[in-house]
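Asks:
Numbering (the numbering used here), first residue to last: 148 to 458.
1. From the DSSP output, in three-state form, read off residue 241 for me.
2. Here's the rule: buried if 16 or more other CB atoms are within 10 angstroms of the residue's CB, otherwise exposed. What is residue 445?
3. Within 8 Å, do at least three Cβ pairs link the segment 417-436 to the segment 379-399?
4. Can you confirm whether the segment 231-243 touches the segment 306-313 when touching is taken to mean that 3 or more C-beta pairs between the two stretches lie within less than 8 Å?
5. Could you check which residue in 297, 261, 442 has the C-alpha nearest to that of residue 218?
6. Sort out for me which residues DSSP pairs residue 327 with in a bridge.
7. Mapping DSSP to helix, strand and coil, what is residue 248?
8. For a test of the three-state rule: what should DSSP assign to residue 424, helix, strand or coil?
9. Looking at the secondary structure, which residues open and close the alpha helix (DSSP H) in which residue 400 lies?
10. If distances are taken between C-alpha atoms only, which option among 263, 292, 299, 272 comes closest to residue 282?
11. Look at the alpha carbon of residue 203 and the alpha carbon of residue 272, and state the distance between them as a whole number of angstroms.
12. Three or more C-beta pairs closer than 8 Å, one from the segment 205-222 and one from the segment 327-334: is that the case here?
13. With DSSP collapsed to three states, give me the class of residue 290.
14. What residues are listed by DSSP as bridge partners for residue 447?
15. Would you mind sorting residue 447 into buried or exposed? The rule is 16 or more other CB atoms within 10 Å of its CB.
16. Can you tell me the Cα-Cα spacing of residue 228 and residue 278, whole angstroms?
17. How big is the Cα-Cα spacing for residue 294 and residue 287?
18. Tell me the DSSP secondary structure of residue 255 in three-state form.
19. Is the beta carbon of residue 215 closer than 9 Å to that of residue 300?
20. Tell me the rounded alpha-carbon separation between residue 399 and residue 409.
21. Taking the Cβ atom as the reference point for each residue, do residue 284 and residue 261 lie within a distance shorter than 9 Å?
22. Does DSSP put residue 295 in a helix, a strand or coil?
23. Should residue 454 and residue 404 be called a contact, given that it needs their Cβ atoms to be closer than 9 Å?
24. Once the 5 residues before and after residue 268 are set aside, which same chain residues still bring their CB inside 6 Å of it?
25. Could you tell me the alpha carbon to alpha carbon distance between residue 360 and residue 335, rounded to whole angstroms?
26. On the criterion of 16 or more Cβ atoms from any shown chain inside 10 Å, does residue 232 qualify as buried, or is it exposed?
27. Based on Cα-Cα distance, which residue from 249, 226, 212 lies nearest to residue 266?
28. Would you call the CB atoms of residue 235 and residue 304 closer than 9 Å?
29. Apart from the five residues on each side of it in sequence, which residues of its chain come closer than 6 Å, Cβ to Cβ, to residue 451?
30. Closer than 6 Å by C-beta to residue 412: which residues in its own chain qualify, once you throw out the five before and the five after it? Chain order, please.
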């Protein structure tokens, strides 16, 4: 485990497993390049003097998170009671950033310098802050990632230093929640003064990325489709994947699968371990047709079915 310490916060990390399919590496590199621009854009914005955020009610929280397709840490946030919206945790950003379209939905109006104050800022998991300052701006990085669909989900903003520095945060990518501990005796200074807009060459990146996406035919797809449900439990036995249990009323039960059946293949993909079964079905939606090759009492047969909804 790698631990990074500063006087502001402690961040504990374990290595991120390389789980992305090979064909996503090119998009991951584009995403990384976009976020490397954050310093040049965010380091240049001007912040007014405003009241400090209201502290949360308690000090320790477990915040649910997910890794995006581009391997960024994403959490869900409600602003002034509306949402949830998708935010990336970015320790390199000086403040909270929110896209203009979401600011309009929330009913927040920026001042002449582009700053606004959120009466309530709630991170899923119980973290509630009041009077949080944020920058209303369409960041080039988010604009580019949303145009290309790099994250696999639409991104609405970034949580930066002025919120993150108030907590000791533990990242453990073997768990499904982040540890947040409020630091009551630490008051982070306001972000350094930044220009209202980044350099012209950076600002041109947004339209340029949209043009590249149009030329290459890349379209973002944020549609959410429920994963199909087969309805079985399996186990590894003597080098084979054996059905342990069939849930009543599921696609597996209706197709006649039985406990003790050996799954040999799905759509001609060999199934040697339970992980092969999960990989074969992980992108299969509700109603998708499947052909399973099974072995029962020494005889091989094909079972055809359509995946159902979860119980």
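Cβ coordinates follow ideal geometry from the N, Cα and C atoms, glycine included.
Quick caveat, the model's predicted, so the values are computed rather than measured.
Replies: On the basis of the supplied data:
1. Translated into the one-based positions of the chain shown, residue 241 becomes position 94. Coil.
2. Here the question's residue 445 lines up with position 298 in the chain shown. Burial call: exposed.
3. yes
4. yes
5. Position 71 of the chain shown, counting from 1, holds the residue named residue 218. Ranking 297, 261, 442 by Cα distance to residue 218 puts 297 first.
6. Numbered from its first residue, the chain shown carries residue 327 at position 180. 208, 316.
7. By one-based count along the chain shown, residue 248 stands at place 101. Here residue 248 sits in helix by DSSP.
8. Here residue 424 refers to the residue found at position 277 when the chain shown is read from its first residue. Residue 424 falls in the helix class under three-state DSSP.
9. Here residue 400 refers to the residue found at position 253 of the chain shown. Looking at the DSSP string, the run of the alpha helix (DSSP H) that includes residue 400 is 398-402.
10. Walking along the chain shown from the start, residue 282 turns up at place 135. Residue 263 is the option with its Cα nearest to residue 282.
11. Along the chain shown, read from residue 1 onward, the residue named residue 203 stands at position 56. Along the chain shown, read from residue 1 onward, the residue named residue 272 stands at position 125. Each residue's Cα considered, the two are about 12 Å apart.
12. yes
13. Position 143 of the chain shown holds residue 290. In this structure, residue 290 counts as helix in the three-state DSSP scheme.
14. Working through the chain shown from its first residue, we reach residue 447 at position 300. DSSP lists 442 as partners of residue 447.
15. In the chain shown, the residue the question calls residue 447 occupies position 300. Residue 447 should be labelled exposed.
16. The count along the chain shown starts at 1 and reaches residue 228 at position 81. The count along the chain shown starts at 1 and reaches residue 278 at position 131. For residue 228 and residue 278, the distance between alpha carbons rounds to 13 Å.
17. Locating residue 294 in the chain shown gives position 147, where the first residue counts as 1. Locating residue 287 in the chain shown gives position 140, where the first residue counts as 1. The straight-line gap from Cα to Cα measures roughly 10 Å.
18. Sequence index remark: in the chain shown, residue 255 carries index 108 (1-based). Correct three-state label for residue 255: coil.
19. On the chain shown, residue 300 is found 153 positions in, with the first residue counted as 1. On the chain shown, residue 215 is found 68 positions in, with the first residue counted as 1. Yes. Within cutoff.
20. Position 252 of the chain shown holds residue 399. Position 262 of the chain shown holds residue 409. Looking at the two C-alpha atoms, the distance is approximately 13 Å.
21. Taking the first residue of the chain shown as 1, we reach residue 284 at position 137. Taking the first residue of the chain shown as 1, we reach residue 261 at position 114. Yes. Within cutoff.
22. In the chain shown, the residue the question calls residue 295 occupies position 148. In this structure, residue 295 counts as helix in the three-state DSSP scheme.
23. As a first step, residue 454 must be located in the chain shown, where it is residue number 307. As a first step, residue 404 must be located in the chain shown, where it is residue number 257. Taking 9 Å as the Cβ cut-off, residue 454 and residue 404 do not qualify as a contacting pair.
24. Here residue 268 is taken as the residue at index 121 of the chain shown, counted from 1. Taken in chain order, the residues that qualify are 276, 279.
25. The residue labelled residue 360 in the question sits at position 213 within the chain shown. The residue labelled residue 335 in the question sits at position 188 within the chain shown. Note that residue 360 scores a pLDDT of 49, beneath 50, so its modelled location is shaky; the value from the coordinates is reported in the next line. Going by the C-alpha atoms only, they are around 39 Å apart.
26. The count along the chain shown starts at 1 and reaches residue 232 at position 85. Buried: at least 16 other Cβ atoms inside 10 Å.
27. For the purposes of this step, residue 266 is taken as residue 119 along the chain shown, with counting starting at 1. Ranking 249, 226, 212 by Cα distance to residue 266 puts 226 first.
28. Counting from 1 along the chain shown, the entry for residue 235 is found at position 88. Counting from 1 along the chain shown, the entry for residue 304 is found at position 157. Yes.
29. Along the chain shown, read from residue 1 onward, the residue named residue 451 stands at position 304. For residue 451, where only same-chain residues beyond five positions count, the Cβ hits under 6 Å are 438.
30. Against the chain shown, residue 412 aligns to sequence position 265. The answer, listed in chain order, is 418, 440.
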